[in-house]
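Enquirer:
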Amino acid sequence: MANVEEGMCEVLVVGAGPVGLMAAGELAHRGVAVRVIDRERTRDSLSKALVVHARTLEIMDLAGLADEFVKRGYPAPGLDVSLQRTGKPVSVNMRHLDTRFPYMLVLPQRQTEEILAGRLEDLDVPIERGVELVDLSPGQDHVVATLRGEDGREEPVRARYLVGADGSHSSVRRLVNLPFDGRQLDSLVLIGDVKADVDLVRSRITNLTSSRGFVSLLPFLGEYVRVFAVDFERQNHARDDVLTLEELQDTVNAIAGRTIELRDPMWLTRYVAPSRQVRTIRAGRVFLAGDATHAHSPAAGQGMNMGLQDAANLGWKLAMVLRGQAPASLLDTFDSERHPVHTSVRHGTDQMFRLFTLTNPVLRLARSIVTRTVVRRAPVQRRLAGRLSGLAMDYRHAHKGAGEGRMRSGDRIPDVDLWTAHRPSTRLYEVLRDPGYGLFVYAEADHLVADRGRITALFAAVAGTYGVAVRPHLVIDEGVVDPAEMGAPVFVDVASQFARKLGARHGSVLLIRPDGYLAAHDRSFDIRAVAAWCRSRLVAAGQEA
Numbered sequence: 003m004a005n006v007e008e009g010m011c012e013v014l015v016v017g018a019g020p021v022g023l024m025a026a027g028e029l030a031h032r033g034v035a036v037r038v039i040d041r042e043r044t045r046d047s048l049s050k051a052l053v054v055h056a057r058t059l060e061i062m063d064l065a066g067l068a069d070e071f072v073k074r075g076y077p078a079p080g081l082d083v084s085l086q087r088t089g090k091p092v093s094v095n096m097r098h099l100d101t102r103f104p105y106m107l108v109l110p111q112r113q114t115e116e117i118l119a120g121r122l123e124d125l126d127v128p129i130e131r132g133v134e135l136v137d138l139s140p141g142q143d144h145v146v147a148t149l150r151g152e153d154g155r156e157e158p159v160r161a162r163y164l165v166g167a168d169g170s171h172s173s174v175r176r177l178v179n180l181p182f183d184g185r186q187l188d189s190l191v192l193i194g195d196v197k198a199d200v201d202l203v204r205s206r207i208t209n210l211t212s213s214r215g216f217v218s219l220l221p222f223l224g225e226y227v228r229v230f231a232v233d234f235e236r237q238n239h240a241r242d243d244v245l246t247l248e249e250l251q252d253t254v255n256a257i258a259g260r261t262i263e264l265r266d267p268m269w270l271t272r273y274v275a276p277s278r279q280v281r282t283i284r285a286g287r288v289f290l291a292g293d294a295t296h297a298h299s300p301a302a303g304q305g306m307n308m309g310l311q312d313a314a315n316l317g318w319k320l321a322m323v324l325r326g327q328a329p330a331s332l333l334d335t336f337d338s339e340r341h342p343v344h345t346s347v348r349h350g351t352d353q354m355f356r357l358f359t360l361t362n363p364v365l366r367l368a369r370s371i372v373t374r375t376v377v378r379r380a381p382v383q384r385r386l387a388g389r390l391s392g393l394a395m396d397y398r399h400a401h402k403g404a405g406e407g408r409m410r411s412g413d414r415i416p417d418v419d420l421w422t423a424h425r426p427s428t429r430l431y432e433v434l435r436d437p438g439y440g441l442f443v444y445a446e447a448d449h450l451v452a453d454r455g456r457i458t459a460l461f462a463a464v465a466g467t468y469g470v471a472v473r474p475h476l477v478i479d480e481g482v483v484d485p486a487e488m489g490a491p492v493f494v495d496v497a498s499q500f501a502r503k504l505g506a507r508h509g510s511v512l513l514i515r516p517d518g519y520l521a522a523h524d525r526s527f528d529i530r531a532v533a534a535w536c537r538s539r540l541v542a543a544g545q546e547a
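Positions in the sequence shown are counted from 1; adding 2 to them yields our numbering.
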């Protein structure tokens with residue numbers, strides 16, 4: 003951990019929900035002095051988010067946490083979108099996705115928080131609960147945050163940067179005067195975590211609809227099921243009116259067209275879905291992440307996943323800037339990359355919510371016909387699964403025209419199997435877990451002798467200029483090569499996955515970001531081209547950022 007003066011931290015994270023915990027963990031893992039506060043004295047016992055999507059699991063894999071997530075949850079292979087009470091359901095199937103995680107992992111939010119809090123504990127970062135942010139003053143090279151403890155005493159804290167991960171009612175957002183543009187959606191939603199006596203596949207999210215409304219059933223914990231319902235005959239209640247089990251029971255039976263006995267409720271509430279977003283997710287040295295910057299319908303379970311991906315995107319960038327390894331301009335890409343993603347997801351979930359809650363009988367019939375005839379088609383399945391899982395999301399919009407071949411700057415890098423001597427089989431994502439960019443040179447064994455000098459010179463130049471900010475690796479199609487001779491670790495593309503999935507060929511050089519997206523791709527072993535990439539993204543060791 004870096005040394006900082008008393009009363010100062012490098013990054014102050016406000017909010018100890020999943021997003022704040024993820025951001026703090028990414029920073030602490032990279033040696034940043036981080037402080038985490040939350041105004042609530044205890045962690046929320048309710049599990050508002052229940053689904054962890056494939057791309058989020060890949061982010062957790064890069065952090066070394068995915069195995070613990072998978073161990074605690076269970077895989078739902080798809081999402082039923084048939085929106086009908088009888089007949090064979092029509093589903094979006096995740097099984098064909100090119101990922102280690104071809105499913106939706108059903109895992110209560112509190113367990114996500116436990117895993118992320120455990121990581122912080124391992125990194126010796128305490129979570130300061132009962133501590134509230136009450137004021138915020140920006141400076142040229144820091145921010146001053148005024149914190150108030152449970153005893154009422156106030157403490158000024160200087161931080162180089164501040165991350166607001168304090169939810170939809172964010173104090174950080176209010177203190178930096180960022181409006182939360184948008185509105186509340188029209189329909190009142192009934193939500194309950196209950197035991198349900200119903201014959202359904204407990205690994206799948208089941209959706210049902212009728213002229214009365216819409217209901218979704220998501221099994222998530224033993225006998226418990228999350229019920230999410232819109233009842234057109236119960237829209238005259240206020241949001242704060244108490245929801246009874248009897249009301250929810252009547253709604254579910256009326257929409258499902260059969261009796262589904264509900265009992266032993268853990269949580270019952272009425273909810274109005276928002277559709278809101280800030281215009282920018284950065285205000286100087288203050289950044290917003292998660293629900294503090296975007297709030298939308300819970301359709302498809304995107305909210306927490308977006309926030310966790312926000313945290314992963316921001317964490318490595320802040321760390322590299324603070325370590326003097328990257329210019330401060332790198333932080334501008336947090337907004338240029340993530341804000342358009344927030345907009346796209348918000349519009350998509352709004353459309354899905356409206357589709358679920360159609361009242362016009364003609365439109366409901368058209369919806370049923372479309373889901374039965376169109377959604378089953380393989381291209382539509384791939385498109386929907388890619389969007390729901392987050393795997394189709396890329397940052398090409400922020401890196402226009404960069405890169406060669408099939409892969410472009412901003413594209414997600416899929417995981418691939420690799421082999422290296424004296425170690426069990428490994429994966430690309432395991433190699434990427436070390437902080438910094440990964441530089442991967444691909445060479446064919448038949449041509450390696452002729453190009454060895456160019457490759458070793460490239461590795462030496464990168465290591466000598468950027469140190470640990472860029473970690474060079476050689477990937478070959480076959481054979482055994484001594485890493486000491488190359489000046490970098492050597493891996494074998496045993497299943498040709500690196501070449502096939504990443505579009506690599508002899509001479510390819512790929513610069514891969516810490517969050518598993520492609521920064522640049524060249525096909526010439528050209529030291530000058532690689533130097534140009536690195537100069538645009540990094541600060542040479544020993545130089546001022």
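Positions of the beta carbon are idealized from the N, C-alpha and C atoms, including for glycine.
Would you tell me roughly how many angstroms separate the C-alpha atoms of Q499 and Y397, rounded to the nearest one?
Expert: Their Cα atoms are separated by approximately 22 Å.
Enquirer: Output the boundary residues of the beta strand (DSSP E) element that contains R265.
Expert: Counting along the chain, the beta strand (DSSP E) containing R265 begins and ends at 263 to 279.
Enquirer: Would DSSP call G427 helix, strand or coil?
Expert: Looking at the sequence shown, residue 427 is not Gly but Ser. Reduced to three states, the DSSP call for S427 is coil.
Enquirer: May I have the straight-line CA-CA distance separating V274 from S218, to the nearest angstrom?
Expert: One C-alpha to the other measures close to 16 Å.
Enquirer: Could you check what DSSP says for Y519 in three-state terms: helix, strand or coil?
Expert: Y519: strand per DSSP, three-state reduction.
Enquirer: Nearest by alpha-carbon distance to I129: which of W535, T44, A497, D82 is it?
Expert: Of W535, T44, A497, D82, the residue nearest in Cα terms is T44.
Enquirer: How would you write the range of the alpha helix (DSSP H) that L393 sits in, first residue to last?
Expert: No alpha helix (DSSP H) holds L393; DSSP gives it neither H nor E.
Enquirer: When you compare only the Cα positions, how much space is there between E156 and M62?
Expert: So the two alpha carbons sit approximately 36 Å from each other.
Enquirer: Determine the extent of the alpha helix (DSSP H) in which Q251 is found, giving its start and end residues.
Expert: From DSSP, the alpha helix (DSSP H) with Q251 extends over 247 to 258.
Enquirer: Examine chain D for any beta-carbon lying closer than 8 Å to the beta-carbon of V494, and answer yes or no.
Expert: Absent here is chain D; the protein component of the structure consists of one chain.
Enquirer: Leaving out five residues before and five after R214 in sequence, what residues of the same chain have Cβ atoms less than 7 Å from its Cβ?
Expert: Cβ neighbours of R214 beyond the five flanking positions: D233, F234, E235, A256, I257.
Enquirer: Using the three-state DSSP reduction, which class does I61 fall into: helix, strand or coil?
Expert: Helix at I61.
Enquirer: May I ask you to list the residues that DSSP assigns as paired with D40?
Expert: Beta-bridge pairing links D40 to R131.
Enquirer: Tell me which same chain residues have a C-beta within less than 6 Å of the C-beta of A231, skipping the five on either side of it?
Expert: Around A231: L192, V217, T253.
Enquirer: Count the other CB atoms, across all protein chains shown, that sit within 10 Å of the CB of D201; report buried if there are 16 or more and exposed otherwise.
Expert: Under this definition D201 is an exposed residue.
Enquirer: Going by beta-carbon coordinates alone, are L180 and T282 separated by less than 8 Å?
Expert: Their beta carbons are under 8 Å apart, which means L180 touches T282 by this criterion.
Enquirer: State the start and end residues of the unbroken alpha helix (DSSP H) segment that holds K319.
Expert: 305 to 324 is the extent of the alpha helix (DSSP H) around K319.
Enquirer: Closest to L520 by C-alpha separation, out of T246, G75, T359, R410, would be which residue?
Expert: Comparing Cα positions, the closest option is R410.
Enquirer: Quick one: Cα of I262 to Cα of K50, how far?
Expert: Distance between the alpha carbons of I262 and K50 is about 22 Å.
Enquirer: Taking just the CA atoms, how far does A497 sit from H475?
Expert: Spanning the two alpha carbons is a distance of roughly 18 Å.
Enquirer: With DSSP run on the structure shown, which of helix, strand or coil describes A4?
Expert: Summary for A4: the model assigns pLDDT 45, below 50, so the residue's position carries little reliability, and this model does not support an answer.
Enquirer: Going by the beta-carbon positions, is the gap between R92 and L220 smaller than 8 Å?
Expert: The question names Arg, but residue 92 is Val in the sequence shown. No, the pair does not count as a contact, with Cβ atoms beyond the cut-off.
Enquirer: D46 by DSSP, collapsed to three states: which one?
Expert: Correct three-state label for D46: coil.
Enquirer: Find the nearest neighbour of G292 within the set G286, R378, R278, judged by alpha-carbon distance.
Expert: For G292, the nearest C-alpha among the options comes from R278.
Enquirer: Return the bridge partner residues of K197 from the DSSP annotation.
Expert: DSSP lists Y226, R265 as partners of K197.
Enquirer: If contact is defined by three or more beta carbon pairs under 8 Å, each pair taking one atom from either stretch, is the stretch 32 to 43 in contact with the stretch 62 to 80?
Expert: Taking 8 Å as the limit for Cβ pairs, the verdict is that the stretch 32 to 43 does not touch the stretch 62 to 80.
Enquirer: By DSSP, does T211 sit in helix, in strand, or in coil?
Expert: Strand.
Enquirer: Suppose you measure from the CA of Y439 to the CA of G194; what does that come to, to the nearest Å?
Expert: Whole-angstrom Cα-Cα distance: 44 Å.
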